[in-house]
Amino acid sequence: MIPSTEAARAISFHRQDALVVSTSSALRDWNQVSERRDLDIDLTDCMDRAPGVGLGLSLAQPDRKVLVLDCDATLRTDLGALATIGESCPQNLVHFVFDDASHVSTHGIPVEGIDNVNFASMAQGAGYTRTFQFDNPEELFIGLEEVMRETGPVFVVVKVLHDQDLPPFPERSMAEGWSQVRETLLGGT
Amino acid sequence: MTTYESVLHPPAIIAELKKNNITHVVWLPDSETNFMYQLLNEEDSLDLVPVCREGETMAIAAGLWVGGKKPVVLIQNTGIFESGDSIRGLGLDINQPLVMLIGYRGWTRRGPTPDSAARYIEPILHTWGINCYLIETDDDADRISIACEEAERTQKPVGVLVGTEFGV
Chain A
34 MIPSTEAARA ISFHRQDALV VSTSSALRDW NQVSERRDLD IDLTDCMDRA
84 PGVGLGLSLA QPDRKVLVLD CDATLRTDLG ALATIGESCP QNLVHFVFDD
134 ASHVSTHGIP VEGIDNVNFA SMAQGAGYTR TFQFDNPEEL FIGLEEVMRE
184 TGPVFVVVKV LHDQDLPPFP ERSMAEGWSQ VRETLLGGT
Chain B
4 MTTYESVLHP PAIIAELKKN NITHVVWLPD SETNFMYQLL NEEDSLDLVP
54 VCREGETMAI AAGLWVGGKK PVVLIQNTGI FESGDSIRGL GLDINQPLVM
104 LIGYRGWTRR GPTPDSAARY IEPILHTWGI NCYLIETDDD ADRISIACEE
154 AERTQKPVGV LVGTEFGV
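For the protein sequence lines, the chains are A and B, in the order given.
So that you can map any letter, position 78 of the first sequence is 111 in this note's numbering, and since no number is skipped, the others follow by simple counting.
So that you can map any letter, position 64 of the second sequence is 67 in this note's numbering, and since no number is skipped, the others follow by simple counting.
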């Protein structure tokens, strides 16, 4: 398992100027490590919609990488998004799922049967070009080079463990954050 | 006696979308809009983004908009009900100037309206404070321009209720 903040830090290292859409506990971790908040789309609400927002962003900005930092609990409520992304097939999209072995969204209680669900197989069947899975920090750090080189849509399961005390959500509102990203993109920086 | 023919042709809609520099149509493909699909597919200036469920349309439109594009969504009124939370969180709360073209299933200008999808759609939109316009014929299509202007001016979603099936 990979400490979730460490996973976020590894992604941040490989990010370059990619746009990042993050949600739920992945957003909490990302907010601690991101060095380009002007390129970060936060979902502190409608948390299941990160894949859709990422798809729209990737179609609007085809020359930039778009990284979606999703969680197992949010993805399982919006599985249709996998097929929608597979149909549009954005080459610049990388869809990460922080698969949380500590089950923070349900206060440590695992959803019964959730281990029967194989997100990577679903993504592959939906039309993602490549899937990866990491449960070791070093392998993640090294493997991200290949992930970022791949033609998308790429799906990456990262097995994470959270600290008992989750980091806070960002202080800025969604409207403020989205407006900042829009200004950055339209201003061309 | 004058008869009133209610016909709305897809080219009238597409002309309005082009006039307003719409870049993407995010929609759930269905049988009612099939003819529209063929024309949209042939239109180079408009990209189609199909979805599996209507609630996704708002999220995809939001991503397109923040990325600098100008999308509309095209779904049936039943899909608006399914999209409720996304309209709230990813339309109204982030100030997205989105025009929603909404198929007005069950709409009857005269007489009873047995279809609850038709009975509830306008009250639901009004509850959210979302203004809407009705189009039924080619002559009404310029209300799409009014909706686009209003969405930009108010920085919020605006509905366009398509109150008739498309003519061929």
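Positions of the beta carbon are idealized from the N, C-alpha and C atoms, including for glycine.
If only complete runs of 4 or more residues are kept, the segment 143-220 of chain A shows the alpha helix (DSSP H) at 152-159, 170-182 and 207-220, in order along the chain. Of all residues in the segment 54-84 of chain B, only VAL54, CYS55, ARG56, GLY58, GLU59, THR60, MET61, ALA62, ILE63, ALA64, ALA65, GLY66, LEU67, TRP68, VAL69, GLY70, GLY71, LYS72 and PRO74 come within less than 9 Å of chain A when Cβ atoms are compared, listed by chain position. At a cut-off of 9 Å between beta carbons, VAL28 (chain B) makes no contact with chain A.
Minimum Cα-Cα distance from GLY87 (chain A) among the listed residues A:ASP133, A:PHE129 and A:VAL66 corresponds to A:PHE129. Where LEU72 (chain A) is concerned, there is no enclosing alpha helix (DSSP H), because DSSP gives it neither an H nor an E. Here the alpha carbons of ARG56 (chain B) and LEU177 (chain A) stand approximately 31 Å from one another. Short of 8 Å from the beta carbon of VAL187 (chain A), and not among the five residues preceding or following it, lie these beta carbons of its own chain, in chain order: LEU126, VAL127, HIS128, TYR161, THR162, ARG163, THR164, PHE165 and VAL180. For TYR123 (chain B), there is no enclosing beta strand (DSSP E); the enclosing alpha helix (DSSP H) covers residues 119-130. Here the alpha carbon of ARG108 (chain B) sits roughly 13 Å from the alpha carbon of ILE138 (chain B). In summary, HIS195 (chain A) is buried, with 16 or more beta-carbon neighbours lying within 10 Å of its beta-carbon over all protein chains present. With fewer than 16 neighbouring CB atoms inside 10 Å of its own CB, GLN41 (chain B) falls in the exposed class. The residues SER57, SER58, ALA59 and PHE131, in chain order, have a CB closer than 6 Å to that of CYS104 (chain A) in the same chain once the five nearest residues on each side in sequence are set aside. A straight-line Cα-Cα distance of about 20 Å links TRP211 (chain A) and ALA41 (chain A). A distance below 7 Å between beta-carbons, with the five flanking residues on each side excluded, links ILE97 (chain B) to the following residues of its chain, in chain order: ALA65. Remark: three or more beta-carbon pairs, one from each stretch, lie closer than 8 Å, so the segment 106-116 of chain A and the segment 139-152 of chain A are flagged as touching.
By DSSP's assignment, MET103 (chain B) forms a beta bridge with B:VAL76 and B:GLY162. Around TRP211 (chain A), the beta-carbon contacts reaching into chain B at under 7 Å are VAL69 and ILE97. In this model, LEU100 (chain A) and ALA154 (chain B) are separated by some 29 Å (Cα to Cα). Contact between the segment 19-32 of chain B and the segment 65-83 of chain B is present, with at least three C-beta pairs closer than 8 Å. In the structure shown, the three-state DSSP call for VAL127 (chain A) is strand. In this structure, the alpha-carbon of ARG113 (chain B) lies about 31 Å from that of THR60 (chain B). Residue-level contact check: GLU120 (chain A) touches chain B, since one or more beta carbons of chain B fall below 9 Å from its beta carbon.
Secondary structure of ILE97 (chain B) (DSSP, three-state): coil. For the segment 58-113 of chain A, the full-length alpha helix (DSSP H) segments reaching 4 residues or more read 83-93 and 105-108 along the chain. Collapsing the DSSP output to three states places VAL69 (chain B) in a helix. The DSSP-derived three-state label of SER86 (chain B) is coil. With 16 or more other Cβ atoms from the protein chains shown falling within 10 Å of its own Cβ, ILE63 (chain B) counts as buried. Your pair GLU120 (chain A) and PRO53 (chain B) checks out as a contact, with CB atoms roughly 6 Å apart and the cut at 8 Å. Closer than 7 Å at the C-beta level to chain A, one finds these residues of the segment 88-122 of chain B: ASP88, SER89, GLY92, LEU93, ASP96, ILE97 and ASN98. Where LEU20 (chain B) is concerned, the enclosing alpha helix (DSSP H) starts and stops at 13-22. C-alpha of LEU199 (chain A) to C-alpha of ILE142 (chain A): approximately 16 Å in a straight line. For the set B:SER89, B:GLY166, B:SER48 and B:ILE17, the Cα lying nearest the Cα of THR116 (chain B) is the one of B:GLY166.
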